[in-house]
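Worksheet: one structure, shown below.
Number of protein chains: 2
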Amino acid sequence: MPLSMYQASVPIFQKMLGNLSQILDKAASQAAGRKIDPTVLLNTRLYPDMFPLLRQVQLTTDFARSCAARLAGQEVPKVPDTETTIDELKARIDKTVDFLKATKPAQIDGTEAKDITFPIGGNPMTFKGQSYLVGFAMPNFYFHLTTAYAILRHCGVDVGKRDFLGALS
Amino acid sequence: MPLSMYQASVPIFQKMLGNLSQILDKAASQAAGRKIDPTVLLNTRLYPDMFPLLRQVQLTTDFARSCAARLAGQEVPKVPDTETTIDELKARIDKTVDFLKATKPAQIDGTEAKDITFPIGGNPMTFKGQSYLVGFAMPNFYFHLTTAYAILRHCGVDVGKRDFLGALS
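Protein sequence lines correspond, in order, to chains A and V. 1 is the number of the first residue of the first sequence in my numbering; add one for each residue after it. 170 is the number of the first residue of the second sequence in my numbering; add one for each residue after it.
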């Protein structure tokens, strides 16, 4: 079966978000073992004008959710940025995965040439579906996902690339 | 036109590697302006058991090159890991982009169900082309690319996500 817009997006988001949730579990458990306040991890940044871990995780879910919604021609569900704990971030990830599960191949496939318009930095921008997916949503998703991972590694959390990639098949 | 294995891989690698090369230019120029030895940047790690910037850039090119070669059914071109300067890393990126330019859609398209076998951690692993691309090569590519960017940001290099993403269209 040819690569489809759905196969190139939704299952990947689901899998990588599941991996992120497990990485956050390891972070929580290791922080507890080392008597590190998990809030310290959530507020860690790699540089003062970069987003901290908490915001990186929120943005990772945002790029997955908005990509699936926009390709499917739906309003992007609004999610308030109110999390303050690892458990709350994991709940946000779960909610995102639920939304992705509810998004069906028939809603996403065939959207290669569909106009996707939304504001970037206040200005409306229009992509074709394919460019939006492979040239915008995916790089942004991986950007924030990897930065979240990198912040945890920088804090000494013992995870590896296998945790990031998850099961290979 | 439906999303193809080529469109989901080669042009993305080319574009993101071009962005990385420009980010390295900014790093070199800013390091010179601040009298920072660029070698310090190249040897910076986010944690002692993580790879330094130099290796992250090498690996970013490796995942792009090996993905294009394997999908195209070619031997992965061997590239010695001998770089020690930003200019040499940029030359490695250029060489990778040249290889990607020489890889044509007809060599990559239709490889969704093709068996891709190669060793991971010493054990032979077989993927279907599509899983290999979206579930292995892409996440690995973005993992090392984003970590390279994150190391430079951590060093205070003044670049932003727009440099990472490049021109949007």
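Note that beta-carbon positions come from the ideal geometry of N, C-alpha and C, so glycine has one too. Bear in mind the structure is a predicted one, so any value in this text is a computation, not a measurement.
Curious, which full-length alpha helix (DSSP H) runs of at least 4 residues does the stretch 26-82 of chain A contain? 38-42, 53-71
Beta-bridge pairing of D115(A) - partner residues as DSSP gives them: Numbered from its first residue, the first sequence carries residue 115(A) at position 115. Bridge partners of D115(A): K128(A).
Give a yes or no on whether 8 Å exceeds the smallest Cβ distance from I23(A) to chain V. Taking the first residue of the first sequence as 1, we reach residue 23(A) at position 23. Cβ-Cβ to chain V under 8 Å: no for I23(A).
Report yes or no: is there a C-beta of chain A within less than 8 Å of the C-beta of P171(V)? Locating residue 171(V) in the second sequence gives position 2, counting from the first residue. It does: the Cβ of P171(V) has a partner Cβ on chain A nearer than 8 Å.
Looking at C67(A): is its Cβ nearer than 8 Å to the Cβ of A150(A)? Indexing the first sequence from 1 puts residue 67(A) at position 67. Indexing the first sequence from 1 puts residue 150(A) at position 150. Their beta carbons are not under 8 Å apart, which means C67(A) does not touch A150(A) by this criterion.
Leaving out the 5 sequence neighbours to the left and right, which residues in its chain are closer than 6 Å to L54(A) when beta-carbon positions are compared? One-based indexing of the first sequence puts residue 54(A) at position 54. For L54(A), where only same-chain residues beyond five positions count, the Cβ hits under 6 Å are L42.
With 16 other CB atoms within 10 Å as the buried threshold, where does P308(V) fall? Taking the first residue of the second sequence as 1, we reach residue 308(V) at position 139. It is buried - the Cβ of P308(V) has at least 16 other Cβ atoms within 10 Å.
What's the C-alpha gap between F164(A) and K247(V)? The residue given as residue 164(A) occupies position 164 in the first sequence. The residue given as residue 247(V) occupies position 78 in the second sequence. Between F164(A) and K247(V), the C-alpha separation is close to 26 Å.
Sequence-distant residues of the same chain with beta carbon closer than 8 Å to L46(A), five excluded per side: For the purposes of this step, residue 46(A) is taken as the residue at position 46 of the first sequence. Contacts found: T147, A150, I151, H154.
I'd like to confirm the pairing. Which residues does DSSP put opposite N123(A) in its beta bridges? Here residue 123(A) is taken as the residue at index 123 of the first sequence, counted from 1. DSSP output for N123(A) lists I120(A) as bridge partner(s).
Please go through the same chain and pick out, in chain order, the residues whose beta-carbon is closer than 7 Å to the beta-carbon of K15(A), but skip the five residues on each side of it. Translated into the one-based positions of the first sequence, residue 15(A) becomes position 15. Correct list, in chain order: G166.
List the residues of chain A whose Cβ lies closer than 7 Å to the Cβ of F182(V), in chain order. Counted from its first residue, the second sequence places residue 182(V) at position 13. Result: empty, since nearest Cβ-Cβ is about 11 Å, beyond 7 Å.
Cβ distance (whole Å) where I255(V) is taken to contact L193(V) below 8 Å: Numbered from 1 along the second sequence, position 86 holds the residue referred to as residue 255(V). Numbered from 1 along the second sequence, position 24 holds the residue referred to as residue 193(V). With 8 Å as the limit, I255(V) and L193(V) qualify as a contact, their Cβ atoms being about 5 Å apart.
Are the stretch 194-204 of chain V and the stretch 289-302 of chain V in contact at 8 Å, needing three or more beta carbon pairs? Contact between the stretch 194-204 of chain V and the stretch 289-302 of chain V is not established, with fewer than three Cβ pairs separated by less than 8 Å.
Using only CA atoms, which one of L133(A), G18(A), S169(A) lies nearest to T117(A)? Position 117 of the first sequence holds residue 117(A). Of the candidates L133(A), G18(A), S169(A), the one whose C-alpha sits nearest the C-alpha of T117(A) is L133(A).
What distance in whole Å lies between the Cβ atoms of R65(A) and V76(A), which are believed to be in contact at a cut-off of 8 Å? The residue labelled residue 76(A) in the question sits at position 76 within the first sequence. The residue labelled residue 65(A) in the question sits at position 65 within the first sequence. About 7 Å; that satisfies the 8 Å criterion.
Start-to-end residues for the alpha helix (DSSP H) that takes in M307(V): Locating residue 307(V) in the second sequence gives position 138, where the first residue counts as 1. Looking at the DSSP string, the run of the alpha helix (DSSP H) that includes M307(V) is 307-323.
Closer than 7 Å by beta-carbon distance: list the chain A residues that pair up with E281(V), in chain order. Your numbering for residue 281(V) matches position 112 in the second sequence. M1, P2, L3, listed in chain order.
Distance, Cα to Cα, Q227(V) vs L258(V)? One-based indexing of the second sequence puts residue 227(V) at position 58. One-based indexing of the second sequence puts residue 258(V) at position 89. Taking the straight line joining both Cα atoms gives about 7 Å.
Between K330(V), A271(V), M219(V), which has its C-alpha nearest Q243(V)'s C-alpha? What you label residue 243(V) is simply residue 74 of the second sequence in a count that begins at 1. Of the candidates K330(V), A271(V), M219(V), the one whose C-alpha sits nearest the C-alpha of Q243(V) is A271(V).
Considering only their Cβ atoms, is the gap separating F310(V) from F232(V) smaller than 8 Å? Working through the second sequence from its first residue, we reach residue 232(V) at position 63. Working through the second sequence from its first residue, we reach residue 310(V) at position 141. A contact, by the Cβ cut-off of 8 Å.
Local Cβ density within 10 Å of T253(V), reported as buried at 16 or more and exposed below that: What you label residue 253(V) is simply residue 84 of the second sequence in a count that begins at 1. Its Cβ having fewer than 16 others within 10 Å, T253(V) is exposed.
List, in order along the chain, the chain V residues whose C-beta lies closer than 7 Å to that of K161(A)? As a working mapping, residue 161(A) is identified with position 161 in the first sequence. The answer, in chain order, is F312.
Using only CA atoms, which one of D81(A), I36(A), E112(A) lies nearest to Q56(A)? As a working mapping, residue 56(A) is identified with position 56 in the first sequence. Minimum Cα distance to Q56(A) is reached at D81(A).
Can you list the residues of chain V that A150(A) reaches, using a CB-CB cut of under 7 Å? Residue mapping note: residue 150(A) aligns to position 150 of the first sequence, counting from 1. By Cβ distance, chain V contributes L215, T316, A319.
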